[in-house]
Amino acid sequence: MDVDFGNFRLKRTERLLLGPRGQVELSARSFDILAILLERPDEVIGKTELFDAVWPGLVVGENTLQVHISSLRKLLPADMIVTVHGRGYKYAGPRPSVTTAEALSLPRASIAVLPFANMSSDAEYEYFADGVAEDIITMGAGRGSVVARNATAAGVPNDRMLLFPDIESNVSALRAGRIDVAVLSSPTVIGLLNGGSAQGLERAPFVVADEQANYAAVAFRKEDEDLKALYDAQLAALRKDGTVAGIMAKYGFGTPEAVPETMTADKLCSGSVEAGVGK
Numbered sequence: 026m027d028v029d030f031g032n033f034r035l036k037r038t039e040r041l042l043l044g045p046r047g048q049v050e051l052s053a054r055s056f057d058i059l060a061i062l063l064e065r066p067d068e069v070i071g072k073t074e075l076f077d078a079v080w081p082g083l084v085v086g087e088n089t090l091q092v093h094i095s096s097l098r099k100l101l102p103a104d105m106i107v108t109v110h111g112r113g114y115k116y117a118g119p120r121p122s123v124t125t126a127e128a129l130s131l132p133r134a135s136i137a138v139l140p141f142a143n144m145s146s147d148a149e150y151e152y153f154a155d156g157v158a159e160d161i162i163t164m165g166a167g168r169g170s171v172v173a174r175n176a177t178a179a180g181v182p183n184d185r186m187l188l189f190p191d192i193e194s195n196v197s198a199l200r201a202g203r204i205d206v207a208v209l210s211s212p213t214v215i216g217l218l219n220g221g222s223a224q225g226l227e228r229a230p231f232v233v234a235d236e237q238a239n240y241a242a243v244a245f246r247k248e249d250e251d252l253k254a255l256y257d258a259q260l261a262a263l264r265k266d267g268t269v270a271g272i273m274a275k276y277g278f279g280t281p282e283a284v285p286e287t288m289t290a291d292k293l294c295s296g297s298v299e300a301g302v303g304k
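See the structure below:
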């Protein structure tokens with residue numbers, strides 16, 4: 026069984042440690058020390074117990090243990106492993122969770138392009154941002170990205186969302202099996218697929234009532250009826266003269282991303298499912 030903690034995964038069977046940027050190189054002894062600490066989080070593990078478990082039948086100096094602890098601290102966030110003076114060490118990072126391979130298995134690794142939904146708690150404005158599919162087991166998103174912020178606003182638990190510093194780390198984690206779905210913007214996904222950087226991965230469109238839903242984000246103040254009317258008129262004109270189609274084609278968008286013909290500002294701001302389903 027694997028152990029997930031923070032943005033890392035300890036794969037016991039393969040004796041591997043996976044991090045945000047892929048496999049983390051560490052010695053066999055360091056691996057064993059980390060595995061023991063993760064088995065009993067927030068519990069002080071005595072130095073003698075560590076010596077007996079990691080170096081059974083051998084006489085080693087305390088400095089050897091300190092060297093391996095120091096090595097782990099360089100690879101992990103420094104505050105994950107705490108020294109309890111005179112007693113030993115303990116794991117003090119995010120609560121580890123044991124995961125079986127069966128629980129995480131999906132037919133294929135997927136890159137998801139999720140639709141927009143009303144995520145605002147502000148009564149004056151209505152904002153629309155990437156929604157989150159309820160059936161995602163563990164999702165990966167960019168640290169500080171709109172996707173991550175709106176997933177949190179939608180109620181996605183922190184332990185179901187791993188954050189990564191860049192697109193490459195997100196995709197690497199997907200390939201390594203640390204996440205089930207990498208959630209990215211539609212242009213990013215299209216770029217990855219067209220550029221050949223997502224070989225072996227498949228695009229997973231968000232589905233509502235068996236139909237795909239993809240459209241753009243916009244925000245209005247509720248009282249700006251004239252602005253919404255202008256938006257509707259301009260959108261209709263741009264759609265009719267081919268401007269929207271030209272822009273979509275220029276940036277690699279296809280039919281799944283097309284704005285529904287019946288879309289209006291009022292429908293978009295209502296947050297209704299019907300408004301977000303592409304026909």
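Residues in the sequence shown are numbered from 26 upward in steps of one, following my numbering. A virtual CB, placed ideally from N, CA and C, is assigned to each residue, including glycine. Being a predicted model, the structure only gives us computed values, none of them experimental.
Per the C-alpha coordinates, the member of P182, D104, V109 positioned closest to A117 is D104. With 16 or more other Cβ atoms inside 10 Å of its own Cβ, D29 counts as buried. Judged by DSSP in its simplified three-state form, M186 adopts strand.
L209 has its alpha-carbon roughly 45 Å from the corresponding atom of W80. The C-alpha of K99 lies about 23 Å from the C-alpha of E74. Along the length of the region 65 to 118, whole alpha helix (DSSP H) runs at least 4 residues long occupy 72 to 79, 87 to 100, reported in chain order.
As DSSP reads the structure, F30 sits in a beta bridge with F33. Cβ-Cβ distances below 7 Å link I61 to I70, L75, A78 in the same chain, with the five nearest sequence neighbours on each side left out; the list follows chain order.
Per DSSP, the unbroken alpha helix (DSSP H) holding S197 starts and ends at 192 to 201. Residue state for L51 is assigned as coil, using DSSP reduced to three classes. A check of alpha carbon separations from R40 across G86, L97, H110, S52 identifies S52 as the nearest. Separation of the CB atoms of V123 and M186 is rounded to 19 Å, and the pair is thereby denied contact status at 8 Å.
A straight-line Cα-Cα distance of about 18 Å links A201 and L101. In this structure, the straight-line span from the alpha carbon of S95 to that of S197 is close to 26 Å. DSSP places S122 in the uninterrupted beta strand (DSSP E) bounded by 122 to 124.
Under a 10 Å Cβ-count criterion, V92 is classified as exposed, with fewer than 16 other Cβ atoms of the shown protein chains found around its own Cβ.
Here the alpha carbons of D184 and G271 stand approximately 41 Å from one another. Just measuring C-alpha positions, the residue of L83, R37, G113, E193 sitting nearest P45 is E193.
Between R120 and T163, the CB-CB gap reaches or exceeds 9 Å. Distance check between V49 and each of L260, F33, G82, L255 places F33 closest, using alpha-carbon atoms only.
Restricting attention to P66, T89, D67, H110, the CA atom closest to the CA of S55 is found in T89.
Collapsing the DSSP output to three states places L41 in a strand.
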